[in-house]
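K.L.:
Here it is, the structure, as structure tokens.
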Amino acid sequence: MASITVEPCTFALFGALGDLALRKLFPALYQLDRAGLLNPQTRVLALAREVGTAQEHLATIEAHLHQHVGAEIEALALQRFLARLSYLHVDFLQPEDYHALAEQVEPGAPLIAYFATAAAVYGGICENLDKVGLSERTRVVLEKPIGHDLESSRRVNDAVAQYFPENRVYRIDHYLGK
């Protein structure tokens, strides 16, 4: 079997305590880790607006992993995945909150920013990533729907394009996989 070389990165999941993240995205990331498809240096940052302690929110994520992965959970793989996971409280539209995120990203390492949030804040997130110097090596993943009609979709895409070229923007429709 051919081996796969996977570059290390920081995976920042905006909206980490939302339904999509807890039911689909964290279980998928865990499965990638369990399969050996995440570089050992890859970090996963759970970013959300909810107040509370990091330990409380990480426990919520772990509980949802048990619920949505179920019997396939392997203790060592879960321990490894949780060790790479951190929680940051971020108000997505407050630039000062992004300094803590910037401190968590290894210099020179790519950042994958997954937006599991309302499309209305995509532009603000992109602007704030740029303000703290995180737009250069960042790829952004936009969860559909992107806007509620053609006009709002264009506004969102134009806002993202101010900071990220098209070759670093990925649009995902998780419903296509059902």
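Those letters in the sequence shown? Residues 1 to 178, per the working numbering, in order. From the three backbone atoms N, C-alpha and C, an ideal C-beta is built for every residue, glycine too.
1. Ends of the beta strand (DSSP E) at HIS99?
2. How big is the Cα-Cα spacing for MET1 and HIS148?
3. Cβ atoms of THR10 and LEU111: under 8 Å apart, would you say?
4. Spell out a yes or no on whether the segment 58 to 73 and the segment 92 to 99 are touching, meaning 3 or more CB-CB pairs, one atom from each, closer than 8 Å.
5. Drop a sphere of 10 angstroms on the beta-carbon of ALA12, count the other beta-carbons inside from all chains shown, and report buried for 16 or more, exposed for fewer.
6. Compare the C-alpha of ASP130 against each of ALA113, GLU143, GLY52 and ALA119 and name the closest.
7. Can the beta-carbon of LEU88 be found closer than 8 Å to that of ALA102?
8. Which value, in whole angstroms, describes the spacing of the CA atoms of PRO116 and LEU20?
9. What does a CB cutoff of less than 7 Å around ALA109 pick up in its chain, not counting 5 residues either side in sequence?
10. Does MET1 come out as helix, strand or coil in the three-state DSSP assignment?
11. I think LEU29 touches SER86, with their Cβ atoms under 8 Å apart; what is that distance to the nearest whole Å?
12. What would DSSP say about LEU129, mapped onto helix, strand or coil?
13. Which value, in whole angstroms, describes the spacing of the CA atoms of VAL160 and LEU25?
14. Can you give the Cα-Cα distance for LEU78 and VAL6, rounded to whole angstroms?
15. Write down the C-beta distance between ARG80 and THR42 rounded to the nearest angstrom, noting that I regard them as a contact closer than 8 Å.
16. Indicate the three-state DSSP secondary structure (helix, strand or coil) for PHE81 in the structure shown.
17. I'd like to confirm the pairing. Which residues does DSSP put opposite THR138 in its beta bridges?
18. According to DSSP, simplified to helix, strand and coil, what is GLU62?
19. Tell me the DSSP secondary structure of ALA196 in three-state form.
P.N.:
Reading it off the structure:
1. That residue, HIS99, is in no beta strand (DSSP E); its alpha helix (DSSP H) goes 98 to 104.
2. Per-residue confidence for MET1 stands at a pLDDT of 47, beneath the threshold of 50, marking its modelled position as unreliable; the derived number appears in the next sentence. The alpha-carbon atoms of MET1 and HIS148 are separated by roughly 45 Å.
3. Result yes, Cβ atoms of LEU111 and THR10 sit closer than 8 Å.
4. The answer is no - the segment 92 to 99 does not touch the segment 58 to 73, with fewer than three Cβ pairs under 8 Å.
5. Counting Cβ neighbours within 10 Å, ALA12 comes out buried, since at least 16 surround it.
6. Nearest option by C-alpha distance: ALA113.
7. It is not a contact, given that the beta carbons lie outside the stated cut-off.
8. Per the sequence shown, residue 116 should be read as Ala rather than Pro. Each residue's Cα considered, the two are about 7 Å apart.
9. Once the five neighbours on either side are set aside, the close Cβ partners of ALA109 are PRO8, CYS9 and THR10.
10. Interpretation of MET1 is limited by its pLDDT of 47, a score under 50 that renders its predicted location unreliable; no figure is taken from the coordinates.
11. The Cβ separation is near 13 Å, so there is no contact.
12. Residue state, collapsed to three classes: helix.
13. The alpha-carbon of VAL160 is positioned some 22 Å away from that of LEU25.
14. Rounded to the nearest whole angstrom, the C-alpha separation of LEU78 and VAL6 is 20 Å.
15. THR42 and ARG80 do not touch by the CB rule: their CB atoms are close to 11 Å apart, not below 8 Å.
16. In this structure, PHE81 counts as helix in the three-state DSSP scheme.
17. Answer is LEU111.
18. Correct three-state label for GLU62: helix.
19. For residue 196 there is no data in the structure shown, the boundaries of the chain being 1 and 178.
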